[in-house]
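Contents: one structure, followed by commentary.
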């Protein structure tokens, strides 16, 4: 019985902690500013721009399945170790 109460209180605490997140706009700390605009860009990035990952950081997933086995192409950079 004691274990059930502990788990219940822990779950309620977790739900309460998860519900108290800030939903306002992000702003830089007082006395600091956002990074300046990159050379060639007309304006500085906003906080939303800085939080959005680039395609290099988050590539798109390819769900294409192989229907039959295919022979690998020759890789001219796959060299044996020296020596």
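Residue numbers (our numbering): 55 to 137. Virtual Cβ for every residue (Gly too), placed ideally from N, Cα, C. Quick caveat: nothing in here was measured; it's all calculated off a predicted structure.
#1: Do residue 82 and residue 88 have their C-beta atoms closer together than 8 Å?
#2: Whose C-alpha, out of 80, 65, 135, is nearest the C-alpha of residue 105?
#3: Going by C-alpha to C-alpha distance, which of 110, 128, 90 sits closest to residue 101?
#4: Hey, how far is the Cα of residue 63 from the Cα of residue 131?
#5: Starting from residue 133 and walking both ways along the alpha helix (DSSP H), at which residues does that stretch end?
Taking the coordinates as given:
#1: Residue 88 is positioned such that its CB atom lies closer than 8 Å to that of residue 82.
#2: By alpha-carbon distance to residue 105, the top candidate from 80, 65, 135 is 80.
#3: Answer by Cα proximity: 90.
#4: Annotation: residue 63 to residue 131 spans about 59 Å, alpha carbon to alpha carbon.
#5: Under the DSSP assignment, residue 133 falls outside any alpha helix (DSSP H); it carries neither an H nor an E label.
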